[in-house]
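Counting from 875, one number per residue, gives the positions in the sequence shown under the numbering used here.
Glycine residues also receive a C-beta, built at the ideal position from the N, C-alpha and C atoms.
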Amino acid sequence: MPNRNCTIHGSYPDTYAICPKCAGAGPLTGDPTLASAITGMPDDERTLPPTKIRRGSAGDDATGTIPPRSGRGSVVGTIVEGPQVTGLLGWLIVKDAPGMRRGHILPLKPNEVYGRGTNAGYQINDDKMSDIHARIQRDDSSWKITDTGSTNGSWVNSAKIKETTVLQENDEIKMGASIFVLKVLL
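#1: On the DSSP bridge assignment, give the partners of I1006 in chain order.
#2: Would R1012 and G964 be called neighbours here (beta carbons separated by less than 9 Å)?
#3: Counting C-beta neighbours from all protein chains within 10 Å, is the total for K1036 16 or more, i.e. buried, or is it exposed?
#4: Thinking C-beta only, is S1024 closer than 9 Å to G991?
#5: Does the separation of the CB atoms of A1033 and K1002 fall below 9 Å?
#6: Which of the three DSSP states, helix, strand or coil, is assigned to K895?
#7: Buried or exposed for L1041, going by 16 or more other Cβ atoms inside 10 Å?
#8: From this set, L980, N985 and P894, which residue's C-alpha is nearest I998's C-alpha?
#9: G884 by DSSP, collapsed to three states: which one?
#10: Determine whether the beta carbon atoms of V1030 and L966 lie at a separation below 9 Å.
#11: With 16 other CB atoms within 10 Å as the buried threshold, where does S1004 fall?
#12: Exposed or buried, N1048, counting other C-beta atoms within 10 Å across all chains shown (16 or more means buried)?
#13: Closest to D1045 by C-alpha separation, out of I1019, Y886, A994 and K983, would be which residue?
#14: Would you report the Cα separation of D1014 and L1059, rounded to the nearest angstrom?
#15: Can you tell me which residues form a DSSP beta bridge with R1012?
#16: Below 7 Å CB to CB, which residues in the same chain sit around G1027 once its five sequence neighbours on both sides are set aside?
#17: Exposed or buried, what is H978 when buried is set at 16 or more other beta-carbons lying within 10 Å of its beta-carbon?
In structure tokens:
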């Protein structure tokens, strides 16, 4: 059986289009294309552990250079720094909003004002939203929303809210013309 040669891993069977160790490709069945290849990068280069990180000149940037192994090229990776966030976490997922892509994720902060204006902690480009539209806040066990006197009101699951309302997982929140779905992690 004739063999092919990989410059990194050596000889491999010619039933593979490219080195199976480099690309995770399986034996060819039919058309010998590279369609089954994931990348031309060996597994150990795609999954380098984040050890011995050298900080770039970016200062607080969370991207560092992972040093190369065995004389190979370097890989840029994301390094998570700082303490792990614990307790109740939450996200607003865009369901429908002007100027925002469906599925866009807005991480919730413990006490944030949402609105169209520059004084809002999270500014949303929505003409139906007031400058300071609503406040979403967190206590020990829940997320809550309060309308801040907006013109068009704030809605939770198609019901207009009149006072601070406790939010639940998968609640639909409407502010202006923007609709979000709440996701939480305890």
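Put simply:
#1: In the sequence shown, counting from the first residue as 1, residue 1006 sits at position 132. The beta-bridge partner set that DSSP reports for I1006 is empty.
#2: Here residue 1012 corresponds to residue number 138 of the sequence shown, with the count starting at 1. Here residue 964 corresponds to residue number 90 of the sequence shown, with the count starting at 1. Between R1012 and G964, the gap from beta carbon to beta carbon is short of 9 Å.
#3: Within the sequence shown, numbered from 1, the residue matching residue 1036 stands at position 162. When all chains shown are included, K1036 counts as exposed.
#4: Numbered from its first residue, the sequence shown carries residue 991 at position 117. Numbered from its first residue, the sequence shown carries residue 1024 at position 150. In this structure, S1024 does not lie closer than 9 Å to G991 by Cβ.
#5: Here residue 1033 refers to the residue found at position 159 of the sequence shown. Here residue 1002 refers to the residue found at position 128 of the sequence shown. Their beta carbons are not under 9 Å apart, which means A1033 does not touch K1002 by this criterion.
#6: As a first step, residue 895 must be located in the sequence shown, where it is residue number 21. Note: K895 maps to helix in three-state DSSP.
#7: Mapped onto the sequence shown, residue 1041 falls at position 167. Under this definition L1041 is a buried residue.
#8: Counting from one through the sequence shown, the residue named residue 998 turns up at place 124. Residue L980 is the option with its Cα nearest to I998.
#9: For the purposes of this step, residue 884 is taken as the residue at position 10 of the sequence shown. Residue state, collapsed to three classes: strand.
#10: For this step, residue 1030 is matched to residue 156 along the sequence shown. For this step, residue 966 is matched to residue 92 along the sequence shown. Going by C-beta atoms, V1030 is not nearer than 9 Å to L966.
#11: As a first step, residue 1004 is located in the sequence shown; it is residue number 130 there, counting from the start. So S1004 counts as buried.
#12: In the sequence shown, the residue the question calls residue 1048 occupies position 174. Just to set this straight, residue 1048 is Lys in the shown sequence, not Asn. Sixteen is the threshold: when 16 or more other Cβ atoms of the shown chains lie within 10 Å of the Cβ of K1048, as they do, the residue is buried.
#13: What you label residue 1045 is simply residue 171 of the sequence shown in a count that begins at 1. Here the closest residue by C-alpha is I1019.
#14: Walking along the sequence shown from the start, residue 1014 turns up at place 140. Walking along the sequence shown from the start, residue 1059 turns up at place 185. Spanning the two alpha carbons is a distance of roughly 12 Å.
#15: Here residue 1012 corresponds to residue number 138 of the sequence shown, with the count starting at 1. For R1012, DSSP records a beta bridge to W1017.
#16: Taking the sequence shown and counting its residues from 1, one reaches residue 1027 at position 153. Hits under 7 Å: D1021 and K1034.
#17: For the purposes of this step, residue 978 is taken as the residue at position 104 of the sequence shown. Exposed is the call here.
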